[in-house]
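Student:
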Amino acid sequence: MPLTGHCLCKAVTYSADVDQPALVAYDHCDDCQRQSGSTYSLVAVVPKAKLTLNGPVKKWTGYGSSGKAVHRLFCSECGSPIAHDPDAAPEIIALKAGTLDTEIKKTLQPDTEIWTVSKLPFCQEHLAKPFEHMPQ
1082 MPLTGHCLCK AVTYSADVDQ PALVAYDHCD DCQRQSGSTY SLVAVVPKAK LTLNGPVKKW
1142 TGYGSSGKAV HRLFCSECGS PIAHDPDAAP EIIALKAGTL DTEIKKTLQP DTEIWTVSKL
1202 PFCQEHLAKP FEHMPQ
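All you need for the numbering used here is the position in the sequence shown, starting with 1, plus 1081.
#1: Hey, how far is the Cα of Pro1162 from the Cα of Arg1153?
#2: Check whether the region 1136 to 1145 and the region 1118 to 1126 are in contact - that is, three or more C-beta pairs closer than 8 Å.
#3: Identify which residue in His1087, Ile1173, Thr1094 has its Cα closest to the Cα of Ala1103.
#4: Tell me the residue span of the alpha helix (DSSP H) that contains Ser1117.
#5: Does the separation of the CB atoms of Lys1131 and Asp1108 fall below 8 Å?
#6: Let me check one thing: in DSSP terms, what residues is Lys1140 bridge-paired to?
#7: Give me whichever residues DSSP pairs with Ala1103 in a beta bridge.
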């Protein structure tokens, strides 16, 4: 069963032809904190080739610590963040897990934390696989 989701206004929809994400992670990087307006962004990583995205998507490009571009995709109508697409890992895309369909996101099991170097000190959750930056 594919992973499906949509933005807040439902103008953007997507489907990833995978049964499960390759990784579900708390992303503590400063950019994800700012994009989400929260302490971290929960991401579900899938192969980019398996993702079909429909609707009015806009893109903002910044740069990660690798010096390579990170493209942040969002709905041009409601502004919901949909994914980030790092040039440093061109085979994957990190879906913003909060945009997954409700029944799908209820089954997620976060197993990793990334960018813990930027983790805010009051976040006390600890997972088995913390990485100070992206997994090496």
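Every residue, glycine too, gets a C-beta built ideally from N, C-alpha and C. Just so we're clear, the structure is a prediction, and the values are computed from it rather than from any experiment.
Tutor: The answer reads as follows:
#1: On the sequence shown, residue 1162 is found 81 positions in, with the first residue counted as 1. On the sequence shown, residue 1153 is found 72 positions in, with the first residue counted as 1. So the two alpha carbons sit approximately 7 Å from each other.
#2: no
#3: Position 22 of the sequence shown, counted from the start, is the residue given in the question as residue 1103. It is Ile1173.
#4: As a first step, residue 1117 must be located in the sequence shown, where it is residue number 36. Segment 1111 to 1117, the alpha helix (DSSP H) holding Ser1117.
#5: Within the sequence shown, the letter at position 50 stands for residue 1131. Within the sequence shown, the letter at position 27 stands for residue 1108. No. Outside cutoff.
#6: Your numbering for residue 1140 matches position 59 in the sequence shown. Looking at the DSSP assignment, Lys1140 forms a beta bridge with Leu1154.
#7: Your numbering for residue 1103 matches position 22 in the sequence shown. BP columns for Ala1103 are empty, so no partner.
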